[in-house]
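Protein chains in written order, with full-length UniProt numbering: chain A, 1 to 392; chain B, 1 to 392; chain C, 1 to 392; chain D, 1 to 392. Cβ atoms here follow ideal geometry from the backbone N, Cα and C, with glycine treated the same way. Computed from a predicted model, the values in this text were never measured in an experiment. All remarks here apply to the structure that follows.
There are 4 protein chains.
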Amino acid sequence: MTIEASPSASSAGPVRLGMVGGGQGAFIGAVHRIAARLDGEFQLVAGALSSDPERARLSALELGIAPERAYTSYEGMARAESTRRDGIEAVAIVTPNHVHFPVAKAFLECGVHVICDKPLTSTLEDAYALADLAKSSGRLFVLTHNYTGYPMIRQAREMIAAGAIGTIRVVQAEYAQAWLTTKVEDTGSKQAGWRTDPAKSGAGGAIGDIGTHAFNLASFVTGLDLDQVAADLTAFVPGRRLDDNVHVLMRFAGGAKGMLWASQVAPGNENGLRLRVYGDRGGLEWAQEDPNYLWFTPHGEPKRLITRGGDGAGAAANRVTRVPFGHPEGYLEGFATIYAEAARAIRAARTGAPVDPAVVYPTVEDGVKGMEFIDAAVRSSAADGAWTKVGR
Amino acid sequence: MTIEASPSASSAGPVRLGMVGGGQGAFIGAVHRIAARLDGEFQLVAGALSSDPERARLSALELGIAPERAYTSYEGMARAESTRRDGIEAVAIVTPNHVHFPVAKAFLECGVHVICDKPLTSTLEDAYALADLAKSSGRLFVLTHNYTGYPMIRQAREMIAAGAIGTIRVVQAEYAQAWLTTKVEDTGSKQAGWRTDPAKSGAGGAIGDIGTHAFNLASFVTGLDLDQVAADLTAFVPGRRLDDNVHVLMRFAGGAKGMLWASQVAPGNENGLRLRVYGDRGGLEWAQEDPNYLWFTPHGEPKRLITRGGDGAGAAANRVTRVPFGHPEGYLEGFATIYAEAARAIRAARTGAPVDPAVVYPTVEDGVKGMEFIDAAVRSSAADGAWTKVGR
Amino acid sequence: MTIEASPSASSAGPVRLGMVGGGQGAFIGAVHRIAARLDGEFQLVAGALSSDPERARLSALELGIAPERAYTSYEGMARAESTRRDGIEAVAIVTPNHVHFPVAKAFLECGVHVICDKPLTSTLEDAYALADLAKSSGRLFVLTHNYTGYPMIRQAREMIAAGAIGTIRVVQAEYAQAWLTTKVEDTGSKQAGWRTDPAKSGAGGAIGDIGTHAFNLASFVTGLDLDQVAADLTAFVPGRRLDDNVHVLMRFAGGAKGMLWASQVAPGNENGLRLRVYGDRGGLEWAQEDPNYLWFTPHGEPKRLITRGGDGAGAAANRVTRVPFGHPEGYLEGFATIYAEAARAIRAARTGAPVDPAVVYPTVEDGVKGMEFIDAAVRSSAADGAWTKVGR
Amino acid sequence: MTIEASPSASSAGPVRLGMVGGGQGAFIGAVHRIAARLDGEFQLVAGALSSDPERARLSALELGIAPERAYTSYEGMARAESTRRDGIEAVAIVTPNHVHFPVAKAFLECGVHVICDKPLTSTLEDAYALADLAKSSGRLFVLTHNYTGYPMIRQAREMIAAGAIGTIRVVQAEYAQAWLTTKVEDTGSKQAGWRTDPAKSGAGGAIGDIGTHAFNLASFVTGLDLDQVAADLTAFVPGRRLDDNVHVLMRFAGGAKGMLWASQVAPGNENGLRLRVYGDRGGLEWAQEDPNYLWFTPHGEPKRLITRGGDGAGAAANRVTRVPFGHPEGYLEGFATIYAEAARAIRAARTGAPVDPAVVYPTVEDGVKGMEFIDAAVRSSAADGAWTKVGR
């Protein structure tokens, strides 16, 4: 066991953070806050936490945000914070998908770094526009594809880059959940409501909500570019307006092939994100619900179980590992690693210093790729599963 | 635990069995013999075990077959045995695929029941012809899709038929192996040789060798009819003449959808046949390598692990269970159950008595469906994955 | 994968086998018959299957034993068979414990090899006497500690002997079951009845029924000699006459230490025999319910999963392996291996040829050690857990 | 899924925390800080982080502690902080065992609540004295037996209290690690150094370091009182001064029995804390390395897998659950729950309000019981394993 220094190491004070969305009752906002807090790298000092003024005020109070920095609109917040000497350096956007674009735009234009939940936007056009904006802004854009923060995912990526499994042939990605097996959106669930509403989610349901995570993870780990998809999107629950089950065949540049299954109607599956990659020399298998383990199966040798912090773990995993082997890290730690990486980049940006090349996080470009994936899958499915080129 | 009476119970003497193929060095022939022997229901008394006369003779000697019943051709064996008063009642065909048809034809025409390895034939035309022949012969035709013999597969089938998971929506089938990751067919492996030779295997490689098993299992368990497939078949190993990786999207009559992945180039996978079925009320998950367990996941309740012989096991599983819970049964027991079921049917046929309706085994019709699946997948892949109707 | 020739290879005809006990309704008798049949090495030709004459007759009829060889007493059977030219060569004894001794004695004195269920006898005195008798008889004595027949147990034994885990320090053995959680012996269960009756089982309940299996397995795999035990035997179910839960501390010659837990009142445990061995260079872990896997954990390296027939499996495992990796073998196959090993020894004995040194099976001496273990544990528990010397 | 409100909910500002020990390079100090930070309930404002002044200063600087509150002695810190208006309300003690007592004493006497790492002290006498002191001080004493913070442990405790498994019969606890397999204390490891030094750890090695965790967990979950132990403590590594392997038989008040195994020389085991409890109606099984799962095995029914946040989880688990099912929580979250519970109690103490009866954390009394357990085991082992009464 060799655990690297804590990811929190820095002498220059925490990053001042604001948040848009994430008021009382929201799930992902609370997760972002814990993630920001866990390594002590951020301080939440401002927020437009709800479009409902009273809810915004109460949520801010509960979080210890000063009353004058509890905003009721993101536009107002962007303007006000960008003129304060102690204004926020970064904003976390944790709204439904269709709001990501205008909020991000507002803050980028005010010179604030953006940490944005996924998927990037609700339309591909917005995604392209946002990417252009982000690039020209000179600000950082961090997309919280949080599963890339797991140490064993870093390990898999490092091993593949080093050739441990040879040339990749087959990529099997899946993300199975059960929670939309019945028509939950009719029961008043806010979570289910916007996720199944095309106006808020965009053209994709399960494919946008969880399919993009699986796609992003496969891309992050393998380094492959997706070329074409053939998709069959289905809304199994009667009356549902967006897909709740997604079957996709994939062809990657260079000849690798794969499958992606995303479902929110698979009883018994809680948050079953799983990735299996096979090359001509070996394979790797990982499952999000048991994230501290990575199976490495060199062809012709016994299977090996690589554990977080354990004897087979390498540099890329160890630099984002907080506690020793056998002391499981989970979802929040992986999420926090995205924030910790963002903090490293933001601190470098403070002084214009170069970012440590080991720092990795998903960017606006990964967000564009995710939107291109959704777009191509939706179009393929509409064309009865015809192979469809991904991206421009 | 309530274990039913041993499957071997019968007072009328074992079934007289012959075998074609399966001489020294063959894998599946030895498996069939153990399966036939395990419950004491069969006695191997004749064989055309090899096309090589000396090998045929030695193989028979080793197996205790009388020299005069060690044949060098299946035609001669069919003729001779059908004229003996103590001639064989059934023949086990364990040759490469392309020989199944002529051998089965020869014996059916001589009034001998047939137990045949899968896939049924090497061409769809042969399959249709054989099915017609089998039906008109009045003889039994048992196809050894052995995985249907596992108790927990019987359990899953019974539960689905009883509505335990409601209306089926999603079927995820897979069969992953590693053993053809390199070009083993060039190293003298007889097993790899014929499986990758279109003249002996037919138009499908992995899809015929293992994909049909996965398809058959999904059909057996769900009772669904496959309507259309969209397939992407690949030969990843340079120079290989048949597919070694198969990605198939499936649409079933009635609206269920699914995926099937079969691969022989997935390092780390030994014999990874796995089935997951999700309905609107629950799910079931099973893996061949750990066959004594069945996950049952009723929606909205904790997951339950049903075990072979255990408290949740029902009649269909218990009637093919030999030893109590916790004493694992495996591949050979499942295979033997196909033989035991065949014996029950053959014994009933001796006297014209009706077969116990609980007796289940794959038939020539299942074999035709398997060939139609291969055919449709091969055609779909040739048409760049276009959705292709399965069967006539 | 290198699978050795089938264990059944032999040209000299099957071993003629008789059976005492195991009539209709018996569990272990049916298991012995399948085990004897599986590899085609034995032919069951005689039996004293029940002390009830009618049940003995019907059981024999069902098994295809000739009426004149269906005996109603083991003494009669021993006399009659030993004078037939085609008399049995070996007898399988599958009665309750207290009958093992007189039956074995009768057959050994008639020159018949003995295959006997465990534990060896119901008293230590009988065990010593039987061992003397077996030695002086010149006949083979095979004790069916069947778990030693699992390939991965052979693998573990071979690896330890080769020093793969260094000098052994800690041995953790356990055997947990649930089936006696309630007072089943009062419900008419024949299985539970004799196992909880001191007159039939001897002084030990769970310790004799399953504790000896765990002890035998630990001894077989490690090669260590047990020196002392400190035991706490309990009958948790009110009114039960023998222990149903066993806690034992162990000290082995040479300094290794261990624990053994055997319980028949542990709900959720079906047949949970499990062995973990740790040395100064590595560890091994195995569980009977998933017998095709062996964890090998060399200190300072990632864990490796060795699979039956897989890349890490060695000669000792492969010679008792029937089917390739990923095609699970189970309880019956392991049991059959004990019979296959016995057949090899018996065939060698036919001609006086030396037995292949690779042949391994538990003997009367292992049976004596098992009885000494029971005896020492019972005495230690009676002495409030005082450390008690094992054996003479 | 019904996830309760975040444990962080409070309007009264974070608890002001100090820390003794835990300077740069320390493991457990960093863990305590993350745990304190995760829910936003504490603010670290002072510290005596190292006995080395320069290291103390640098450690404090890195953690954002004001220079004037970076102390070089705990005595000075206790005095200074207790006179500040904004002085610390609680101190976290993360030193080696032998320093726990004087530090805790100093702060309790100054009216500061104590959060102390385990085991409580290095001698039983100190433990008794500290318990008296704590009680008379009127301050809170929280012992960080962190594993009691896992939601599935809370679930197990609640189920047992509600009678889900009936009357407890058997408790199997174990805690296996590998990291002291070789003589690491000779390689300069600070962690290994003090843990194997009787002057710093006390009379117990593995039994104090990890055995107490296993004992505490068993007590917490079952609610049973330990009556007697029979122990065999061993130092397997040549030259080691304290036990590195512990075998203990246990007798609980009321008749339940158990085993406890703790080892630091078990290669392949990372942090293998595991608890299995069996009653006359069912069983429960949990393993720390996969903490989001709890097996519940009602006798005579299929096994059920209860998951954190899932359908079978109850109130006690859900109130300490942060993220939904399938999003794994780990070691840090469990540890943070101890801090969150402490914060709730401290906040109540601020105003004298009653503490929510659902709040649970290990106290000084649990620490005394842990020390009595160590003491009795050490004495039993010295008396060759004689059954030894636990406690006064």
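Residue j beta carbon less than 7 Å from that of residue i
{"i": "Pro119/D", "j": "Gly370/D", "result": "yes"}
{"i": "His338/A", "j": "Gly223/A", "result": "One point to set straight first is that residue 338/A is Ile, not His, in the sequence displayed. Contact: no."}
{"i": "Asp366/B", "j": "Leu143/B", "result": "yes"}
{"i": "Leu63/C", "j": "Phe42/C", "result": "no"}
{"i": "Ala376/B", "j": "Val364/B", "result": "no"}
{"i": "Phe101/C", "j": "Ala78/C", "result": "no"}
{"i": "Leu249/B", "j": "His247/A", "result": "yes"}
{"i": "Pro324/C", "j": "Gly330/B", "result": "no"}
{"i": "Val39/B", "j": "Ala313/B", "result": "Looking at the sequence provided, one finds Asp at residue 39/B rather than Val. Going by C-beta atoms, Asp39/B is not nearer than 7 Å to Ala313/B."}
{"i": "Ala340/D", "j": "Val355/D", "result": "no"}
Best match in the options for proximity to residue i [C-alpha to C-alpha]
{"i": "Leu61/C", "options": "Arg84/C, Ala35/C, Val31/C and Gly23/C", "result": "Gly23/C"}
{"i": "Asn245/B", "options": "Trp295/B, Ala127/B, Val378/B and Glu41/B", "result": "Val378/B"}
{"i": "residue 393/C", "options": "Leu217/B, Asp132/B, Trp179/B and Gly326/B", "result": "Examination of residue 393/C is not possible in this model, given that chain C is present from 1 through 392 alone."}
{"i": "Leu275/B", "options": "Asn269/B, Gly334/B, Phe215/B and Glu329/B", "result": "Phe215/B"}
{"i": "Ser50/D", "options": "Ser82/D, Leu38/D and Pro96/D", "result": "Pro96/D"}
{"i": "Ala36/C", "options": "Met159/C, Ala127/C, Val91/C and Ser201/C", "result": "Val91/C"}
{"i": "Arg55/D", "options": "Gly21/D, Asp86/D, Ile374/D and Ala340/D", "result": "Gly21/D"}
{"i": "Thr234/B", "options": "Asp197/B, Gly255/B, Gln264/B and Ala199/B", "result": "Gln264/B"}
{"i": "Arg139/B", "options": "Ala342/B, Ala162/B and Glu372/B", "result": "Ala342/B"}
{"i": "Ile160/D", "options": "Thr297/D, Lys135/D and Ala127/D", "result": "Thr297/D"}
{"i": "Gly121/C", "options": "Asp225/C, Ala80/C, Phe373/C and Leu217/C", "result": "Reading off the sequence shown, one finds Thr at residue 121/C, where the question assumed Gly. Of Asp225/C, Ala80/C, Phe373/C and Leu217/C, the residue nearest in Cα terms is Phe373/C."}
{"i": "Thr181/B", "options": "His98/B, Pro238/B, Asp197/B and Val368/B", "result": "Pro238/B"}
Integer Cβ distance of residue i from residue j, believed to fall under 8 Å
{"i": "Lys303/D", "j": "Arg240/D", "result": "Not a contact, Cβ separation roughly 40 Å."}
{"i": "Met112/D", "j": "Ile93/D", "result": "According to the sequence displayed, residue 112/D carries Val and not Met. About 11 Å; that fails the 8 Å criterion."}
{"i": "Trp261/D", "j": "Ala176/D", "result": "7 Å"}
{"i": "residue 393/D", "j": "Arg154/D", "result": "Outside the shown range of chain D, which is 1 to 392, sits residue 393/D, and nothing can be said about it."}
{"i": "Gly258/D", "j": "Ala266/C", "result": "The Cβ separation is near 12 Å, so there is no contact."}
{"i": "residue 394/B", "j": "Arg319/B", "result": "Residue 394/B is absent from the model: chain B starts at 1 and stops at 392."}
{"i": "Trp387/C", "j": "Gln228/C", "result": "5 Å"}
{"i": "Ala48/B", "j": "Ser73/B", "result": "6 Å"}
{"i": "Pro53/D", "j": "Ala317/D", "result": "No, Pro53/D and Ala317/D are not in contact; Cβ-Cβ is about 45 Å, not under 8 Å."}
{"i": "Leu242/D", "j": "Gly188/D", "result": "About 18 Å separates the two Cβ atoms, so there is no contact after all."}
{"i": "Leu217/B", "j": "Val31/B", "result": "The Cβ separation is near 18 Å, so there is no contact."}
Members of the stretch 319-339 of chain C near chain B, C-beta cut-off 8 Å:
Arg322, Val323, Pro324, Phe325, Gly326, His327, Pro328, Glu329, Gly330, Tyr331, Leu332 and Glu333
Residues, ordered as in the chain, of the stretch 304-315 of chain C that lie near chain A by beta-carbon distance below 7 Å:
Arg304, Leu305, Ile306, Gly310, Asp311 and Gly312
Run through the UniProt domain "GFO/IDH/MocA-like oxidoreductase" (153-285) of chain A for me and flag every whole alpha helix (DSSP H) of 4 or more residues, listed as ranges in chain order.
190-195, 198-201 and 212-222
Against chain D: residues of the stretch 86-112 of chain A by CB proximity under 7 Å
none
Please specify which runs of the beta strand (DSSP E), each continuous and at least 3 residues long, are wholly inside the stretch 299-329 of chain C, giving them in chain order.
303-307
If contact means a Cβ-Cβ distance below 7 Å, which residues of the stretch 292-303 of chain A contact chain C?
Gly300, Glu301, Pro302 and Lys303
Taking a cut of 7 Å between CB atoms, which residues from the stretch 40-52 of chain A lie near chain D?
Gly40
Listed in chain order, which residues of the stretch 69-84 of chain A have Cβ atoms closer than 8 Å to some Cβ of chain D?
none
In chain order, what are the residue ranges of uninterrupted alpha helix (DSSP H) at least 4 long that sit wholly in the stretch 45-111 of chain D?
53-62, 74-83 and 97-109
Taking a cut of 8 Å between CB atoms, which residues from the UniProt domain "GFO/IDH/MocA-like oxidoreductase" (153-285) of chain A lie near chain D?
Gln177, Trp179, Asn269, Glu270, Asn271 and Gly272
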